[in-house]
Amino acid sequence: MNPLPPARPTRGFTLIEVTLAVGISAIALVGLLAMIPQGVMTMKRATDTAIEARIHQLIVAEIAQTDWQLRGKYDYRATGSNVRFYDDQGIRVPESEKDRAIYTVRLILPGADNGGQTIPMQLPARLGNTAAQLFNTSDPSKSEPMQLIIMEITSAPSIDAIAKFDLEQNWPSIRTYRSTMTRLVDEMTATGN
């Protein structure tokens with residue numbers, strides 16, 4: 003009978019090796035965990051941008067379907083309280099339910115006609131006045147009948163009134179979208195033929 007070969011001693015990891023492995027893993031995990039807040043903020047900004055683009059498209063389409071002489075009713079200066087509220091999907095919320103709104107929108111249509119009353123060309127201080135001077139919608143003989151649409155959107159819950167859009171401390175949380183709309187006029191109709 004053959005004797006059994008001698009057993010080999012089993013070799014494990016030393017305490018120093020285990021400590022180094024745990025330390026390296028901890029450093030890698032801390033780096034990964036530190037990126038989570040940045041990723042969440044990037045995702046929130048991307049979501050806000052997508053929903054704001056949806057809101058922008060809905061409002062511009064609504065204005066485009068409005069009679070050209072009544073487009074000024076969308077400017078907040080026409081009524082003094084024309085702020086709109088939207089939920090997290092970009093769906094309009096009635097003012098009576100504004101506490102569940104995520105996005106607040108203020109519209110500016112410089113020079114727009116509001117049923118015989120012209121909206122001022124002057125823009126709020128935050129926006130300057132150079133963009134509005136490019137458009138002269140009050141006299142069609144001087145320029146093409148164009149309308150500048152300025153949309154200010156914020157997802158800051160504290161900005162839910164007209165006056166709060168103009169507070170300088172709120173400006174960083176407000177994004178501005180600008181669009182132009184052109185009135186298409188049939189030449190035969192315009193000349194009376």
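Quick note on the working numbering: the sequence shown kicks off at 3 and runs consecutively. By construction, the Cβ of each residue, glycine as well, lies at the ideal position given by its N, Cα and C atoms.
Mind checking residue i: buried by the 16 CB within 10 Å criterion, or exposed?
i           : result
residue 75  : buried
residue 43  : exposed
residue 37  : exposed
residue 15  : exposed
residue 18  : exposed
residue 85  : buried
residue 106 : buried
residue 108 : buried
Apart from the five residues just before and just after residue i, which ones in its own chain have a Cβ nearer than 6 Å to its Cβ?
i           : result
residue 116 : 74, 75, 80
residue 181 : 62, 151
residue 184 : 148
residue 53  : 92
residue 229 : This structure cannot speak to residue 229, because the chain is shown only from 3 to 195.
residue 175 : 156, 158
Over what stretch of residues does the alpha helix (DSSP H) that includes residue i continue unbroken?
i           : result
residue 56  : 17-66
residue 204 : Examination of residue 204 is not possible in this model, given that the chain is present from 3 through 195 alone.
residue 179 : Premise fails: residue 179 lies in the beta strand (DSSP E), 176-184, not in any alpha helix (DSSP H).
residue 81  : 78-81
So, at 8 Å on beta carbons, what are the nonlocal neighbours of residue i in its own chain, with the 5 sequence-adjacent residues on each side left out?
i           : result
residue 172 : 156, 158, 160, 161, 166
residue 102 : 89, 95
residue 58  : 153, 155, 179, 181
residue 170 : 128
residue 119 : 74, 80
Can you list, in chain order, the residues of its chain with a C-beta nearer than 7 Å to that of residue i? Leave out the 5 residues immediately preceding and following it.
i           : result
residue 142 : With a pLDDT of only 45 at residue 142, under the threshold of 50, the placement of this residue in the model should not be trusted; the figure read from the coordinates follows. Closer than 7 Å at Cβ, skipping near neighbours: no residue.
residue 114 : 73, 74, 77, 121, 139, 149
Over what stretch of residues does the beta strand (DSSP E) that includes residue i continue unbroken?
i          : result
residue 86 : 85-88
Is the segment 80-93 touching the segment 28-48, taking contact as three or more C-beta pairs under 8 Å? no
Whole alpha helix (DSSP H) elements within the segment 91-127, 4-residue minimum: none
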